[in-house]
Amino acid sequence: MFRRRPALLIRPELDDHALHSALEELRPGRQLHGLGVDRSRPLWEPVAELLGDTGRDWDRRVHRVSVLARNLPPSVSERWVAARPGDGDALVLRAWERSVRAADEGRGAAREAEQACLRAAEYCPEDPTPWLALLELMHSFAVPVSDAVPVWSEAVTRAPWHRTAYHQLLRYLSPRGHGTVVDMLDFARQGAARAPHGSPLALLPVAARVELVAHRQRQMSLGADGHWHEPRAADELAAALTGWFGTTAAPHAEVVLDLNVLAFALIRTHRPAEAAAVFRRIGRHMTPHPWSLLPEPERTFLYWRDSFGR
62 MFRRRPALLI RPELDDHALH SALEELRPGR QLHGLGVDRS RPLWEPVAEL LGDTGRDWDR
122 RVHRVSVLAR NLPPSVSERW VAARPGDGDA LVLRAWERSV RAADEGRGAA REAEQACLRA
182 AEYCPEDPTP WLALLELMHS FAVPVSDAVP VWSEAVTRAP WHRTAYHQLL RYLSPRGHGT
242 VVDMLDFARQ GAARAPHGSP LALLPVAARV ELVAHRQRQM SLGADGHWHE PRAADELAAA
302 LTGWFGTTAA PHAEVVLDLN VLAFALIRTH RPAEAAAVFR RIGRHMTPHP WSLLPEPERT
362 FLYWRDSFGR
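Each residue of the sequence shown is one higher than the one before, counting from 62 in the numbering used here.
Listed below in structure tokens is the structure:
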């Protein structure tokens, strides 16, 4: 008999099972039909429990808040803040949610979102999350890099070597964002060189090269990824493998995304043996980025993953 291949898991919560459960509980369909949910329970309570359990794990907190803000209806944070006006978790979620929505609502919404971020920062003075919500807002409205860097500094002062903070500024400095190729590559290389051993920031230069592929694909149809064959690219991949992937560092909140970036880069540089080890760790958790840079991303991902005998 043929054995059925397990479906890919492509979801914003990545491999965060607690976050997945909270999102499932608050799905509109479940709320509508009352399945699995106590109707007397406040709509925001599962989110409050999740963020309460997250505590001061700033890495996972930023991941959870950003995913919740993009995937929950605004009523969740609004009702939570109305019920508990001084709850820092509620204010942080509302700040990020408003920052995400403001891009579609214009300058007036941007000013409200900025105030929400600053209020959350006031109530949660040790938390980098409100500052990263503000950085997200600034990126959406093309605020100059010179104004964005101080906001980023507020975040990393509170959480040095914060993985998401560095990737947010990398995106800001990208030529697809508001910077240049030189800005982006310099920032990535300096961040990786200074980060402690075992930090996922060792992958920053590789992530920058993937971003460069995306930038060049907008400008040309051929030769967009020729830079993978530069000697420096091989050094950057070796540093990512030995300085992060091959270490005993505990998995971080967005490890699935970083593993997908690393596997993509290893495939593009024709290093199948090293790619096989990365794909084994990825399993079913494919991410749209960076595979969407290739034709038929899911099929391509499965081809390479299954080529290594999964």
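The C-beta atom is built at its ideal place from N, Cα and C for all residues, glycine as well. In this text, all values refer to a predicted model and were calculated from it rather than measured experimentally.
- Message: Is it buried or exposed, V271, if we count other Cβ atoms within 10 angstroms and call 16 or more buried?
- Response: Position 210 of the sequence shown, counted from the first residue, corresponds to residue 271. The Cβ neighbour count for V271, taken over all protein chains shown within 10 Å, is at least 16; the residue is labelled buried.
message: Mapping the DSSP letters down to three states, classify E291 as helix, strand or coil.
response: Along the sequence shown, read from residue 1 onward, the residue named residue 291 stands at position 230. In the three-state reduction of the DSSP assignment, E291 falls in the coil class, being assigned neither a helical nor a strand state.
W222 vs P257 beta-carbon contact at 8 Å: Position 161 of the sequence shown holds residue 222. Position 196 of the sequence shown holds residue 257. For W222 and P257, yes; Cβs fall inside 8 Å.
Should V243 be labelled buried (16 or more other beta-carbon atoms within 10 Å of its own) or exposed?
Numbered from its first residue, the sequence shown carries residue 243 at position 182. Counting Cβ neighbours within 10 Å, V243 comes out exposed, since fewer than 16 surround it.
ask   = If you draw a straight line from the alpha carbon of L323 to that of T241, how long is it in whole angstroms?
value = Here residue 323 is taken as the residue at index 262 of the sequence shown, counted from 1. Here residue 241 is taken as the residue at index 180 of the sequence shown, counted from 1. Across the structure, L323 and T241 are spaced so that their CA atoms are roughly 23 Å apart.
How long is the line joining the alpha carbons of S160 and T115, rounded to whole angstroms?
Here residue 160 corresponds to residue number 99 of the sequence shown, with the count starting at 1. Here residue 115 corresponds to residue number 54 of the sequence shown, with the count starting at 1. If you take the alpha carbons of S160 and T115, they lie about 22 Å apart.
Review point. What residue from A253, A275, H290, G149 has the CA that sits closest to W305's CA?
Key: Your numbering for residue 305 matches position 244 in the sequence shown. If we check each option's Cα against that of W305, A253 comes out closest.
Residues near E359 in its chain [Cβ-Cβ closer than 8 Å; skip 5 each side]: The residue given as residue 359 occupies position 298 in the sequence shown. Answer for E359: L69, I71, M347, W352, listed in chain order.
Option in N132, R117, V123 with minimal Cα separation from L87: By 1-based counting over the sequence shown, the position of residue 87 is 26. For the residues N132, R117, V123, the minimum Cα distance to L87 belongs to N132.
*Contact between the region 134-150 and the region 318-337: three or more CB pairs below 8 Å?*
no
request  = Kindly provide the ranges of any alpha helix (DSSP H) runs that are 4 or more residues long and lie completely inside the region 245-284, ordered along the chain.
outcome  = 265-278
message = My assumption, with CB atoms under 8 Å, is that S127 sits in contact with A164. Please give the rounded CB distance.
response = For this step, residue 127 is matched to residue 66 along the sequence shown. For this step, residue 164 is matched to residue 103 along the sequence shown. That pair is no contact at about 14 Å.
*asked:* Taking the alpha helix (DSSP H) that H350 belongs to, which residues open and close that run?
replied: Here residue 350 refers to the residue found at position 289 when the sequence shown is read from its first residue. Counting along the chain, the alpha helix (DSSP H) containing H350 begins and ends at 349-352.
Query raised in the report: Which parts of the region 128-160 are runs of the alpha helix (DSSP H), unbroken and 4 residues or longer, counting only runs that do not cross its ends?
Result: 135-144
- Buried/exposed call for P333, threshold 16 Cβ in 10 Å: One-based indexing of the sequence shown puts residue 333 at position 272. Exposed: under 16 other Cβ atoms inside 10 Å.
- Determine the direct distance from the alpha carbon of L104 to that of Q229, and round the result to whole angstroms. The count along the sequence shown starts at 1 and reaches residue 229 at position 168. The count along the sequence shown starts at 1 and reaches residue 104 at position 43. Taking the straight line from one Cα to the other gives about 30 Å.
Cα-Cα separation between G167 and E173, rounded to whole angstroms: For this step, residue 167 is matched to residue 106 along the sequence shown. For this step, residue 173 is matched to residue 112 along the sequence shown. Near 10 Å, if we compare the C-alpha coordinates of E173 and G167.
Just checking my contact of L198 with A216 at CB under 8 Å: how many whole Å lie between their CB atoms?
-> Walking along the sequence shown from the start, residue 198 turns up at place 137. Walking along the sequence shown from the start, residue 216 turns up at place 155. Actually they are not in contact, since the Cβ atoms of L198 and A216 sit about 13 Å apart, beyond 8 Å.
- Task: Run the CB neighbour count on H124, radius 10 Å, all protein chains shown included, and call it buried at 16 or more, exposed below.
- Result: By 1-based counting over the sequence shown, the position of residue 124 is 63. The residue in question, H124, is buried, as its Cβ has 16 or more Cβ neighbours within 10 Å.
key: Contact the region 309-317 vs the region 262-279: 3+ CB pairs below 8 Å   = no
Check: In whole angstroms, what is the alpha-carbon distance linking E106 and W365?
Finding: Counting from 1 along the sequence shown, the entry for residue 106 is found at position 45. Counting from 1 along the sequence shown, the entry for residue 365 is found at position 304. Approximately 42 Å between the Cα atoms of the pair.
| field | Extent of the continuous alpha helix (DSSP H) to which A109 belongs | value | Within the sequence shown, residue 109 is the residue found at index 48, counting from 1. That run of the alpha helix (DSSP H) goes 106-115.
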